[in-house]
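The structure appears right after this line, and notes come after that.
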C-alpha cells in the first residue's frame with residue numbers, strides 16, 4: 026500500500042506559456058512524465074514552481090491573454106509541520122487536510138499569491154512550499170559538493186536534532202557574550218575617565234551633604250540673618266507705635282475710643298455695630314501686638330550662626346552653578362550621580378563575570394560539539410557503506426564513498442577575554458567532506474574533483490533513497506536528473522526512484538524508458554498547433570498507450586513489433 030504523507034493532489038493551469046487550460050490529477054507513489062522533444066515536458070514543473078513562490082516574468086502569460094492562473098492542491102493530513110504553519114498564520118482551509126497554493130500573474134508581470142483562498146505575500150508561498158515539496162532540477166545534484174549541504178545530509182541521516190539544538194544554543198550564547206564583552210572593553214577607557222570625574226563630583230557632594238528640602242530652609246535663614254538689624258529696628262518701631270509709647274500708642278487710643286462709644290451706645294443702640302467693630306479691632310490689634318512682641322524677643326544677632334548659614338548657602342549656590350542646575354535640584358542630581366557611578370562599577374564587575382561565563386559556555390559548547398562529532402562519525406561509517414553499495418548498483422562497480430568527519434576543536438587562539446580570534450560555529454566544530462573513488466586503485470578524493478555530472482546525479486539519487494528511510498520527505502520532483510545515463514544504469518535509476526516512492530510521492534520528468542516504465546502513473550506531454558497558435562496537452566496514459574510510449578522511447582518514431590515487445594517486457598518487470 027502506497028503511503029500518502031504530503032502529496033500533490035492536483036495542478037490546475039490556465040493560460041500559462043503555451044498551455045491554454047490543463048488539469049492534472051496526481052497519484053501516490055511514482056509518476057513519470059514523458060513526451061516528444063520540445064513538447065514542454067517540464068511545463069507542469071515550471072507552473073508548480075510559480076505556485077511555490079518562484080519569480081514570475083511577463084512571458085509566462087499565454088499570448089493574447091490578460092493573466093495566467095495557476096493552482097496546486099496538496100494533501101497535508103499527516104504533515105505536522107505544514108499544518109502547524111497554516112494554523113500559526115490562520116490559513117487553515119475549510120477542509121483542513123488540504124492546502125491550495127494559487128498564483129495569478131498579469132500580462133504586465135504583476136502577480137498575486139493565495140493560500141487556501143486568502144491573499145498572502147509571496148514569501149509565505151515560499152515558506153509553506155518548502156514544507157510541501159522538493160524540486161530537483163538537472164543541475165541540483167551539484168549542491169552535494171557544497172560543505173553545508175554535505176553536513177546537512179549527514180545530520181539528516183544521523184537524526185540527532187537534540188545535539189544540533191544544544192550546540193547551536195551554546196554557540197549563540199557564546200557569540201552573544203563575546204559581543205557584549207567586546208562592547209564593554211571598547212568603551213573601558215572612556216568609562217574609566219568618566220568614572221574619575223563622577224567619583225570627584227560625588228565625593229564633593231558627599232562632603233557637602235545637602236539634605237532634601239534643606240536649601241529652602243537655608244535660603245529663608247540666610248535672608249532673615251542678613252536682614253536681622255532691619256527686622257529688629259522695624260519691629261521695635263512698630264511695637265512703640267502700637268503699645269509702648271507712653272505719650273501716644275494705637276492700642277491705648279483705640280481702647281479709649283471703644284470705651285467712649287460703648288458708654289454712649291447705652292443711650293442709642295444704633296451704635297451697637299460700631300461698638301462691635303471697635304471691640305473686634307481692639308482684640309485683633311492686641312493679638313498682633315503680642316505676636317510681634319514674641320517675634321521681637323526671638324530675634325537675635327548671632328554673627329557665628331550667620332556665618333555658618335551664609336557659608337552653606339553660598340556653597341549650595343556655587344555647586345548648583347557648577348553643575349548648571351537650580352539649587353533645589355542638587356539633592357536629586359547627587360543621587361543620580363551615585364547611581365551612574367554604581368553602574369560604571371557594575372560594568373567592570375560585569376566584564377569579569379562575562380569572562381567567567383564565556384569559559385563555562387565554551388566548555389559546554391565543546392562538550393556538546395564533541396558529542397555531535399561522535400554521532401556524526403558513527404553515522405558517517407554507516408552511510409558511507411550504504412552509498413558505496415548503491416553506487417556499485419548504479420553502474421559504478423568499483424565506486425567507493427567515504428564521509429570524512431574532522432573535528433577541529435577550538436578554532437583560533439581566543440582565551441575568552443574578547444581579544445582572541447576563536448570562532449565557535451553554530452553547526453559544531455566539524456568539517457564534513459564527501460569523498461569518492463570511481464576507478465580501481467584511485468585514491469579517495471573530494472567529490473567535485475573526481476565525479477562527473479552524471480555520477481554526481483546518481484550519487485545524489487542514492488542519497489535521496491537512503492535518506493527517505495530516515496527523514497520524512499515531502500513530495501519529490503526530479504526534472505530530467507537522469508540525463509547522460511542509459512542501459513543497465515538507467516534501469517537501476519528507475520528501480521531506485523520506485524524504491525523511493527514507497528515512502529514519498531515521486532514525480533519524474535524523464536526521457537528514459539527504463540525509468541518511465543517504473544511509474545505507477547505515466548503522463549504524456551504533447552504539443553498541438555494549427556499554424557497560428559500552439560498548445561501543450563498533458564494526458565494520463567492507459568496501459569495500451571503506455572506500451573506504445575515506452576516503445577517510442579526505446580526505438581524512436583518508428584515503432585516495431587520488437588520495440589513493442591520490449592516495452593511490454595519492461596512494464597511487466
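Numbering (our numbering), first residue to last: 26 to 598.
Ideal Cβ positions, reconstructed from N, Cα and C, are used throughout, including at glycine.
C-alpha gap between residue i and residue j, whole angstroms
i: residue 585; j: residue 49; result: 31 Å
i: residue 93; j: residue 36; result: 13 Å
i: residue 172; j: residue 478; result: 17 Å
i: residue 264; j: residue 308; result: 16 Å
i: residue 196; j: residue 378; result: 18 Å
i: residue 314; j: residue 303; result: 16 Å
i: residue 90; j: residue 189; result: 50 Å
i: residue 491; j: residue 412; result: 8 Å
i: residue 511; j: residue 583; result: 20 Å
i: residue 71; j: residue 527; result: 25 Å
i: residue 577; j: residue 63; result: 15 Å
i: residue 39; j: residue 483; result: 35 Å
i: residue 598; j: residue 523; result: 12 Å
i: residue 568; j: residue 132; result: 40 Å
i: residue 177; j: residue 106; result: 19 Å
i: residue 256; j: residue 237; result: 28 Å
i: residue 385; j: residue 201; result: 14 Å
i: residue 330; j: residue 209; result: 50 Å
i: residue 85; j: residue 79; result: 12 Å
i: residue 332; j: residue 282; result: 48 Å
i: residue 235; j: residue 268; result: 43 Å
i: residue 111; j: residue 146; result: 14 Å
i: residue 95; j: residue 41; result: 8 Å
i: residue 376; j: residue 206; result: 6 Å
i: residue 337; j: residue 316; result: 30 Å
i: residue 179; j: residue 381; result: 34 Å
Own chain, CB closer than 7 Å to residue i, minus 5 neighbours either side, in chain order
i: residue 352; result: 240, 341, 342, 345
i: residue 365; result: 223
i: residue 311; result: 276
i: residue 60; result: 66, 549, 550, 551
i: residue 108; result: 101
i: residue 579; result: 538, 588, 591, 592
i: residue 350; result: 358
i: residue 296; result: 286, 289, 290
i: residue 418; result: 517
Buried or exposed (CB count within 10 angstroms, at least 16 for buried), residue i
i: residue 161; result: buried
i: residue 258; result: exposed
i: residue 539; result: buried
i: residue 438; result: Note that residue 438 scores 40 on pLDDT, short of 50, meaning its location in the model is unreliable; the coordinates nonetheless yield the value given after this. Exposed, because fewer than 16 other Cβ atoms sit within 10 Å of the Cβ of residue 438.
i: residue 374; result: exposed
i: residue 360; result: exposed
i: residue 28; result: Summary for residue 28: the model assigns pLDDT 43, below 50, so the residue's position carries little reliability, and this model does not support an answer.
i: residue 571; result: buried
i: residue 185; result: buried
i: residue 175; result: buried
i: residue 324; result: exposed
i: residue 462; result: buried
i: residue 252; result: exposed
i: residue 406; result: exposed
i: residue 225; result: exposed
i: residue 306; result: exposed
i: residue 594; result: exposed
i: residue 292; result: exposed
Rounded Cβ spacing between residue i and residue j (contact assumed at less than 8 Å)
i: residue 192; j: residue 393; result: 5 Å
i: residue 56; j: residue 532; result: 5 Å
i: residue 53; j: residue 563; result: With 8 Å as the limit, residue 53 and residue 563 do not qualify as a contact, their Cβ atoms being about 18 Å apart.
i: residue 547; j: residue 566; result: 5 Å
i: residue 427; j: residue 460; result: 5 Å
i: residue 261; j: residue 321; result: 6 Å
Cβ neighbours of residue i in the same chain (closer than 8 Å, five flanking residues each side left out)
i: residue 34; result: 50, 51, 98, 99, 100, 123
i: residue 159; result: 498, 499, 500, 501, 502
i: residue 602; result: Given that the chain is displayed from residue 26 to residue 598, the structure contains no residue 602 and the question cannot be resolved.
i: residue 464; result: 423
i: residue 81; result: 75, 128, 130, 134, 136
i: residue 88; result: 558
i: residue 513; result: 420
7 Å Cβ cutoff, residue i in contact with chain C
i: residue 550; result: Going by chain labels, chain C is absent from the structure shown, which holds only one protein chain.
Close Cβ partners of residue i (< 6 Å) along its chain, the five nearest in sequence each way excluded
i: residue 58; result: 66, 534, 548
i: residue 433; result: 454
Q: Determine, using beta-carbon pairs with one atom in the segment 507-523 and one in the segment 537-553, whether at least three such pairs fall under 8 Å.
A: yes
Q) Is there contact here, the segment 396-408 with the segment 463-477, by at least three beta-carbon pairs under 8 Å? A) no
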